[in-house]
Amino acid sequence: MSEPSPAVDWPLATAAEFGSLRAGEFRATPEDFVVEEVLGFEPEGVGEHLWLWVEKRGLTTLEAVRHLARACQVSPRAVGYSGMKDKIAVTRQWLSVQLPGQPAPDDLVERLAACGVRVLEQARHPRKLKRGVHRANRFTLRITGAAVNAQLEARWAWLCRHGVPNLFGPQRFGPGGRNLARARAVLARGWRKRDDREGMLLSAARSFLFNEQLAMRMVDGNWRRLVPGDVAMLDGTASQFAVETVDADLIERAERLDLHPTGVLWGAGESRAASEAAQYERTLAERHAALCEGLVQAGVGLSRRALRMRLDQPRLVCEEGVAQLDFHLPRGSFATAVLRELIAHPALTLSGGRQLPGEPT
Numbered sequence: 001m002s003e004p005s006p007a008v009d010w011p012l013a014t015a016a017e018f019g020s021l022r023a024g025e026f027r028a029t030p031e032d033f034v035v036e037e038v039l040g041f042e043p044e045g046v047g048e049h050l051w052l053w054v055e056k057r058g059l060t061t062l063e064a065v066r067h068l069a070r071a072c073q074v075s076p077r078a079v080g081y082s083g084m085k086d087k088i089a090v091t092r093q094w095l096s097v098q099l100p101g102q103p104a105p106d107d108l109v110e111r112l113a114a115c116g117v118r119v120l121e122q123a124r125h126p127r128k129l130k131r132g133v134h135r136a137n138r139f140t141l142r143i144t145g146a147a148v149n150a151q152l153e154a155r156w157a158w159l160c161r162h163g164v165p166n167l168f169g170p171q172r173f174g175p176g177g178r179n180l181a182r183a184r185a186v187l188a189r190g191w192r193k194r195d196d197r198e199g200m201l202l203s204a205a206r207s208f209l210f211n212e213q214l215a216m217r218m219v220d221g222n223w224r225r226l227v228p229g230d231v232a233m234l235d236g237t238a239s240q241f242a243v244e245t246v247d248a249d250l251i252e253r254a255e256r257l258d259l260h261p262t263g264v265l266w267g268a269g270e271s272r273a274a275s276e277a278a279q280y281e282r283t284l285a286e287r288h289a290a291l292c293e294g295l296v297q298a299g300v301g302l303s304r305r306a307l308r309m310r311l312d313q314p315r316l317v318c319e320e321g322v323a324q325l326d327f328h329l330p331r332g333s334f335a336t337a338v339l340r341e342l343i344a345h346p347a348l349t350l351s352g353g354r355q356l357p358g359e360p361t
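Read in order, the letters of the sequence shown are residues 1 to 361 in full-length UniProt numbering.
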């Protein structure tokens, strides 16, 4: 009988200085994982779309969308949302529903409450809420276990000072990594919309490739500093610029987290990376040729993502064996990427501690 394969995972940024992680627990209850969307603007107060600021517990965003559509007797396509929020959590976010020339049902608040969606605020707006328009997410997390000690505080301080690897969290890949296994199969035979209506499989494949590229740079020790040919991204924005030569000013700006190197989100199009930075993309294309080619054939457009994220407004309080973390992350970044640098827990690995389906043993 062969030995069981280890959990599929990527390197830790804090391991070199602090060694291996101690075991910890998180999300024992939904109240231990609180997420609040930071939209960055206010609804205008008039328009055919009703925007709802809601709180949900134990529901995915798509489940909340279906409940809202059913309550208003519209298609789920008439409901908009900006970000996908965790299920085992208490989350607050905006949803919108198109109701042209008609009021919302008189008992809408009660109907949603019966489904576990609490309406905190309502406002009208001329447009549907689109994906990815919110600015950030605010997290309040509680962790327990042997990891809650003085070293956790030291690791936290290091992450606040140097930033966190901007890995896609394991939830992007589905339970046990099954979304990635399905993505491999779908891309191998040719992606079709009917096989992946929400685009989750394409997203899983691109996320895996990005994490692989970031892991290569973590191993080489340059995930938080620029190399020649990098495409840099300004912190807190989508502004990018090509880096031909890494001078003292760029080094200093990267050290104070003003800008970050980026990695490619694979797809069709010409990469702006050159020189040393481009070698990582070439290596990625060689190691995962089927995934890369499948994404190009599926017509996904190439884009870029920062390799590092900054913890904004960070705060850590440890009392009686419980650590509470408060921080903001830019949209699209994962709190689980922060947790995996602080505690050892099977759910923070890609496969949840199991052999990843479709991967060689």
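Built from N, CA and C at the ideal position, the CB exists for glycine as well.
Trp158 (DSSP reduced to helix, strand or coil): helix
Whose C-beta lies closer than 6 Å to the C-beta of Gln93 among residues of the same chain, with five residues either side of it excluded? The answer, listed in chain order, is Glu37, Lys85.
Thr349: buried (16+ other C-beta within 10 angstroms of its C-beta) or exposed? buried
Is it buried or exposed, Ala204, if we count other Cβ atoms within 10 angstroms and call 16 or more buried? buried
Which one or two residues does DSSP pair with Asn137 in a beta bridge? Glu37, Leu329
Just grab the DSSP bridge partners of Phe26 for me. Ile143
Measure the Cβ-Cβ separation of Phe173 and Asn179 and say whether it is below 7 Å. yes
How would you label Gly321, buried or exposed, when you count the other beta carbons within 10 angstroms and need 16 or more for buried? exposed
Alpha carbon to alpha carbon, how far is Ala337 from Gln102? Straight across, the Cα-Cα distance linking Ala337 with Gln102 is about 43 Å.
Beta strand (DSSP E) segments (min. 3 residues) lying fully within the stretch 171-238: 231-234
In angstroms, rounded to a whole number, what distance separates the CA positions of Arg272 and Ala242? 7 Å
Simplified DSSP state of Ser271, which is helix, strand or coil: coil
List the endpoints of the continuous alpha helix (DSSP H) containing Leu250. 248-255
Count the CB pairs spanning the stretch 148-158 and the stretch 328-343 that are closer than 8 Å, and state whether there are at least three. yes
What is the DSSP secondary structure of Thr361, reduced to helix, strand or coil? The predicted model places Thr361 with a pLDDT of 24, which falls under 50 and marks its position as unreliable; any figure quoted below should be read in that light. Thr361 falls in the coil class under three-state DSSP.
By Cβ distance, which residues of its chain are closer than 6 Å to Leu234, with the 5 residues on each side in sequence left out? Leu259
Could you please give the first and the last residue of the uninterrupted beta strand (DSSP E) stretch that includes Glu121? 117-125
Which residues share a DSSP beta bridge with Thr262? Ala306
Grouping DSSP H, G and I as helix and E and B as strand, with all else coil, what is Pro4? Any reading at Pro4 must be qualified, since the residue scores a pLDDT of 31, below 50, and its modelled position is unreliable; the value itself is stated next. Here Pro4 sits in coil by DSSP.
On the three-state DSSP scale, how would you describe Thr336? helix
Spatial neighbours of Asp230 within its chain, please: CB distance less than 6 Å, with the 5 preceding and 5 following residues excluded, ordered by chain position. Val243, Pro261, Ala277
Between the Cα of Pro11 and the Cα atoms of Val119, Asn222, Arg111, which residue gives the shortest distance? Residue Asn222 is the option with its Cα nearest to Pro11.
What does Gly80 pair with, by DSSP beta-bridge criteria? Beta-bridge pairing links Gly80 to Ser96.
Residue from Glu63, Gly169, Ala183 with nearest C-alpha to Asp9: Gly169
If we count Cβ pairs, one from each stretch, closer than 8 Å, do we get three or more for the stretch 106-114 versus the stretch 281-297? no
Go ahead and label Ala23 buried or exposed: buried means 16 or more other beta carbons lie within 10 angstroms of its beta carbon, across all protein chains shown. exposed
Contact under 7 Å by Cβ, Arg308 with Gly163: Yes, the pair counts as a contact, with Cβ atoms nearer than the cut-off.
Using CA atoms only, rank isn't needed, just tell me which of Val133, Gln240, Thr283, Ala114 is closest to Leu59. Ala114
From Arg182, Asn137, Gly269, Gln171, pick the residue whose C-alpha is nearest to that of Leu311; which is it? Looking only at Arg182, Asn137, Gly269, Gln171, the smallest Cα-Cα distance to Leu311 is reached by Asn137.
Where does Asp247 land, buried or exposed, given buried means 16+ other C-beta within 10 angstroms? exposed
Going by CA-CA distance only, name the one from Pro30, Gly45, Leu95, Pro43 that's closest to Thr61. Leu95
Would DSSP call Gly19 helix, strand or coil? coil
Tell me, which residues are paired with Cys318 by DSSP? DSSP lists Ala323 as the beta-bridge partner residues of Cys318.
Helix, strand or coil for Gly301, going by three-state DSSP, please let me know. In this structure, DSSP gives Gly301 an extended state, which the three-state scheme calls strand.
Nearest by alpha-carbon distance to Gly294: which of Val186, His49, Gln213 is it? Val186
When the distance is taken between beta carbons, is Ala183 closer than 7 Å to Leu209? no
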